[in-house]
Each structure stands twice: as C-alpha cells, then as structure tokens.
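>
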Amino acid sequence: MKLEKLLKELDYKATVGNSDKSCDVSQVEITEIINDSRKISEGCLFFCIKGANFDGHEFASQAAEKKAAAIVVESDVQLPENCDMAVVRVESTRYAMAFISAAYYDYPADSLKTIGITGTKGKTTTTYLIRSMLENAGHKVGLIGTIEVIIGDEHIHAENTTPESMDLQRYMRQMVDAGCDSVVMEVSSQGLMLHRSQGFIYDIGIFTNIEPDHIGPNEHKDFDEYMHCKGLLFKQCRIGIANFDDIHTEDVLEGHTCELETYGFKEGADIRAINLAYIHKPGQLGVFFDTEGLINMHAEITNPGKFSVYNALCAIAVARHFDCTTEQIASALKEAKVKGRIEMVKVSDDFTLMIDYAHNAMALKSLLSTLKDYHPNRLICLFGCGGNRSKLRRFEMGEVSGRLADFTIITSDNPRFEEPMDIIKDIETGIKKTDGAYTTIVDRKEAIAYAIDHGEKGDIIVLAGKGHEDYQEIKGVKYHMDERELIADILKERAEKE
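If you count the sequence shown from 1, position 47 lands on 134 in the working numbering, and the numbers rise without skipping.
1) Report the partner residues of Glu379 according to the DSSP bridge assignment.
2) Keeping to the same chain, check which residues put their C-beta closer than 6 angstroms to that of Asp357; ignore five residues upstream and five downstream.
3) DSSP three-state call for Ser124: helix, strand or coil?
4) What is the residue span of the alpha helix (DSSP H) that Met88 lies within?
5) For the alpha helix (DSSP H) holding Glu354, just list the boundary residues, first then last.
6) Less than 8 angstroms separating the beta-carbons of Ile497 and Thr527?
7) Does the beta-carbon of Ala185 have 16 or more other beta-carbons within 10 angstroms, so that it is buried, or is it exposed?
8) Give me the DSSP bridge partner(s) of Phe494.
9) Along the chain, where does the beta strand (DSSP E) that runs through Phe133 open and close?
10) If you draw a straight line from the alpha carbon of Met88 to that of Asp111, how long is it in whole angstroms?
11) Please classify Arg283: is it buried, with 16 or more other beta-carbons within 10 angstroms of its beta-carbon, or exposed?
12) Grouping DSSP H, G and I as helix and E and B as strand, with all else coil, what is Glu116?
13) Does the region 383-399 come close enough to the region 416-434 that 3 or more CB-CB pairs lie under 8 angstroms?
14) Just the Cα atoms here: how many angstroms apart are Arg465 and His335?
15) List, from N- to C-terminal side, the alpha helix (DSSP H) runs of 4 residues or more that fit wholly inside the region 159-194.
16) Between which two residues does the alpha helix (DSSP H) holding Glu294 run?
17) Does the distance from the C-beta atom of Ile574 to that of Ile535 stay below 8 angstroms?
18) Classify Pro195: buried if its beta carbon has 16 or more other beta carbons within 10 angstroms, exposed otherwise.
19) Just the C-alpha distance for Gly614 and Phe146, rounded to the nearest angstrom, thanks.
20) With 16 as the cutoff for other CB atoms within 10 Å, does Asn383 come out buried or exposed?
21) As an exercise, report each continuous beta strand (DSSP E) stretch of at least 3 residues that is fully enclosed by the region 229-282, in chain order.
22) Pull up the CB-CB distance for Val115 and Ala157, whole angstroms please, since I reckon it's below 8 angstroms.
23) Given a cut-off of 8 angstroms, decide if Tyr444 and Gly554 are closer than it, judged by their beta-carbon atoms.
24) With respect to the alpha helix (DSSP H) encompassing Ala582, which residues constitute its N-terminal and C-terminal limits?
25) Could you say if the region 212-232 and the region 395-403 meet the contact criterion of at least three C-beta pairs nearer than 8 angstroms?
26) Rounded to whole angstroms, what is the Cα-Cα separation between Tyr99 and Val236?
27) With a CB to CB cut of under 7 angstroms and the five nearest residues on each side skipped, what residues in its chain are close to Val434?
28) Figure out for me which residue from Glu241, Phe482, Glu251 and Gln165 has the closest Cα to the Cα of Ser188.
29) For Ala150 and Leu340, what's the separation of their Cα atoms in angstroms?
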C-alpha cells in the first residue's frame, strides 16, 4: 500500500531522512504498520509513540537500519547519515496512528454500525446486554471490552478496555470479514485521551455515569480532565445517549456535536423507568420495571438494583435504533449474563454469594446500597485493593464497606510490587472512620473460605474487586487465580472432611 493513501486524512510533513528534502509519499510502498520496536521489518511503517515507560522515537535509528520504509514522528529523531527512509512529521503520533490504521485496514467502521460506551461503571454489562438484544433481532455483533473481544465464535482475551487504535481497526476488519454488521465496544477515558478510538465516527455514543476514578500517575491529573476525556466521545458520534440522572451529565456533554437522547428515572428523560419491584428468590436477585417515553414495555432483569435498571435502560435505548421488538429486548434482558458482574455462585441454600468487579468506591457503594434494599440478614463484603495505585481508593473503599456492610473481610487483590499488609492497613484507615465490624485475612482463598464457613441464613456475601479477572498480580508476575475455582476447591475440601 502506498504511503500517500495511508496519510490522506492527516496534516503532515514528509521528508527524506532528517534532510529538508521533501519525500514523494506516492512512491513509498508500505508492507505493514508496526508500533512495537521489536517487530520492525523491512518495508514497514513504524510509529514512534511516547509511552509511560518507553519513547518510540529512540528506536528511529533502529528502524532505518532494519530498512523500514517510513516512520511517523512528533519530535526530532536521530538517524544515520544519508538515511533515505521517509520521515512523516505530525502533531501527534497516536492521533496519526488511528487514522493510518483505519486506512490500512480499509476503513472497516464504514461497514459496521458502531456503538461506543463510556462511563465509570456499567460499560461491560451494557455491552453484553446490547449484543444480546441485537443478536436476538438477527444482527451479527462483534464486541470489544474489558473482558474480551468477540469476533463470531472467537473469544480473545482483552489486554486493555479499549485496544490501541491499530488493534481496534484490525479487530473491526476481522469482524467485517467474519460477517458482522455491528460492533459494540467499551470506550475508556484513557482510550479517548490517547486517541485509540479515533479514525472513524461512532454511530451511537453512550454515557453511563461518572465519579472520580483513574486519577493519578499515568492516568488523569484530576476529575475535570477525566470528565473532559469521557466527553470526547460525544464529539465523535452521530447520536449520543446519556444518563439523564447523573449530576455530571451536562459537564461531560459540554461542546457535544451529536444528537442527544436520555434515559433515567427522573421526569424529563426520553426513556424513563417506572413501577420498580424487587425480585428476591433463593440464589436470585432481580428487578421488574416498566418504561415510558420513546419506548413502552415491561421488563425483568436477573441482576439486582437500580444500577442494573440503568444498564438495561441504556441497552433498550440502543436497541430501539436497530428496530428491535419489545419481545426481543425483554428476552435478552432476562437471558444476558456477564462474567464477574453480579455473578451468582451457588454455594448454599441458606445464603447468597456473588462475584462482582466493584473495584472503586463508587462501584462498591452502588453495589452495597443496592443489596441492602433486599434486606439481607447480614451483608458481608470481601475485598482488597490493587498495589501501586492511589491510596485514596483504599481509604474510600474501606469507609464505604464499613458504613454499608454489616461485616467486612479485608484481603489481598493484585498487590503488584507492594506488600499486601501495607495495602490492608490503608484500607483499615478508611474502615476505622466507621463503626463497621471487620477482620483481615491476607490470603484470598482463606478469606473466601472464612466467608463461606461463617455464612448465615439470609446473608448476602459479595466477593468484590476481581470480577472476571482470573489472576493475582504479585511482584510483576500474574499467577492464575479464579474465584470460581477457589470456591469449588473450598466446597470440595469441606465435602471431603464430612
């Protein structure tokens, strides 16, 4: 593919090496595009990306030595004398990578209905709800998110919530080739800030909610920047669908360029939930509700609480644009399950145990508040916090659990390069601001066993923080650890002792 074709959507200056001589990009043939210096090959185009730990500009000379056809840079680079490699200078190499990748994979988004979801929580569950609804209506839907990428029957483990733009465009090309007509994806604030989702316009952009999160080194400098980055999606979509009830919605949508629709519980929302009723059966928590406004229907969901209704309303709002019938929507709401999102695990007829990804104060507060509405005998919360992350999250989560749970079990969760007990002590700082009863058990399997062994009739036990994750990250190594397997092992050990 000619370099000129890859650059047609960009402002750039192309030279031969570091000289002032202009490069004729119509004559430069590109064999592949690369953003990993270890994979540089003859004839490729290499993106010099500035990352948190490495700067790709330092590998420009290596690209020349390996006979790359071109590099894309945003700052000066050192090159060998008489280097004849094309050097494309742009304002942002990440931004350029998105548009070049779209061109390289022949603009796959043009052949798909694209749905992007941003927000602090609810993204993952809502993507699966939407996919289920659209597939019920006969669409073939790809999915890109925190847990996995789904292309037809293929399930690919996800490294980032929103992949790098090169990978995103490649996935969408594979979806088109596999016969997909739509894709629903999670769009993180980091992904938006780093231009991973540039290179196309979303048909539908969605805002679920926002609270302070991902603020710290290598993330966002403050809450205002976090909101601004979330809002970038609504300058990159045709139709925006937003949570009418969130107090920050106006701030997030400031400067939007799309048509807007809203959902929520408050009067004035375009799609409004009314007539809520809770479902509480052995091993099952759920909600009945009706909608009014742009669509009128009765719905039942097998996840508990108001936040589950918000996720459902959001999915309903999207399904309406795909001409899904109310029957197709209702069926999808009943059937859709998401690993690690209020995932019920049967361990006893006496109490309910669930696994959830709630790993920040907002998510934990929402989950525990919801579960209290079901009036359990006791609400037990087991969680830890990740190492090498903001200590503020630890204090906040400790305080939330101390105030809302009847009993808290503080344990380990991805300590990374910190000592688990140091993290636990930080969580204790938060919980000691409350009168909440708690215990500390460093080993997560032992902590889960303690929760199960001490479960009482009518209890709801929440294992929070890991969700879909099947590993524990310690000292730079990810060790396999799936809570479902831990529970199965614990139950087996208990059975063998009887």
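Virtual Cβ for every residue (Gly too), placed ideally from N, Cα, C.
For this structure:
1) Taking the sequence shown and counting its residues from 1, the one referred to as residue 379 is at position 292. Answer is Arg359.
2) Walking along the sequence shown from the start, residue 357 turns up at place 270. So the list reads Glu348, Thr349, Gly380 and Leu381, once near-sequence residues are dropped.
3) As a first step, residue 124 is located in the sequence shown; it is residue number 37 there, counting from the start. Reduced to three states, the DSSP call for Ser124 is helix.
4) In the sequence shown, residue 88 corresponds to position 1, counting from 1. Per DSSP, Met88 belongs to no alpha helix (DSSP H) and is neither H nor E.
5) Working through the sequence shown from its first residue, we reach residue 354 at position 267. Segment: none, Glu354 is in no alpha helix (DSSP H) and carries neither H nor E.
6) One-based indexing of the sequence shown puts residue 497 at position 410. One-based indexing of the sequence shown puts residue 527 at position 440. Yes. Within cutoff.
7) For this step, residue 185 is matched to residue 98 along the sequence shown. Burial call: buried.
8) Position 407 of the sequence shown holds residue 494. Phe494 is bridged to Ile467 and Ala524.
9) Here residue 133 refers to the residue found at position 46 when the sequence shown is read from its first residue. That run of the beta strand (DSSP E) goes Leu132 to Phe134.
10) Taking the sequence shown and counting its residues from 1, one reaches residue 88 at position 1. Taking the sequence shown and counting its residues from 1, one reaches residue 111 at position 24. If I take the Cα positions, the gap works out to 14 angstroms.
11) The residue labelled residue 283 in the question sits at position 196 within the sequence shown. Buried.
12) On the sequence shown, residue 116 is found 29 positions in, with the first residue counted as 1. Three-state DSSP puts Glu116 in a strand.
13) yes
14) As a working note, residue 465 is residue 378 in the sequence shown. As a working note, residue 335 is residue 248 in the sequence shown. Going from the Cα of Arg465 to the Cα of His335 covers about 33 angstroms.
15) 180-191
16) Mapped onto the sequence shown, residue 294 falls at position 207. The amino acid occupying residue 294 in the given sequence is Phe; Glu does not appear at that position. Run containing Phe294: none in the alpha helix (DSSP H); it sits in the beta strand (DSSP E), Tyr289 to Phe294.
17) Position 487 of the sequence shown, counting from 1, holds the residue named residue 574. Position 448 of the sequence shown, counting from 1, holds the residue named residue 535. A contact, by the Cβ cut-off of 8 angstroms.
18) The count along the sequence shown starts at 1 and reaches residue 195 at position 108. Pro195 should be labelled buried.
19) One cannot answer for residue 614 here, as it falls past the ends of the chain, which runs 88 to 585.
20) For the purposes of this step, residue 383 is taken as the residue at position 296 of the sequence shown. Classification of Asn383: exposed, given that the 10 Å Cβ count is below 16.
21) 235-238, 241-244 and 269-273
22) Here residue 115 refers to the residue found at position 28 when the sequence shown is read from its first residue. Here residue 157 refers to the residue found at position 70 when the sequence shown is read from its first residue. About 6 angstroms; that satisfies the 8 angstroms criterion.
23) If you number the sequence shown from 1, residue 554 lands on position 467. If you number the sequence shown from 1, residue 444 lands on position 357. Yes, these two residues count as a Cβ contact at 8 angstroms.
24) Position 495 of the sequence shown, counted from the first residue, corresponds to residue 582. Its alpha helix (DSSP H) spans residues Glu570 to Lys584.
25) yes
26) Sequence index remark: in the sequence shown, residue 99 carries index 12 (1-based). Sequence index remark: in the sequence shown, residue 236 carries index 149 (1-based). Straight-line Cα distance between these residues: approximately 33 angstroms.
27) Looking up residue 434 in the sequence shown gives position 347. Excluding residues within five positions, the ones whose Cβ falls inside 7 angstroms are Leu440, Ile539, Ile574 and Leu578.
28) As a first step, residue 188 must be located in the sequence shown, where it is residue number 101. When only C-alpha atoms are compared, the closest one is Glu251.
29) Here residue 150 is taken as the residue at index 63 of the sequence shown, counted from 1. Here residue 340 is taken as the residue at index 253 of the sequence shown, counted from 1. Approximately 42 angstroms, taken between the alpha carbons.
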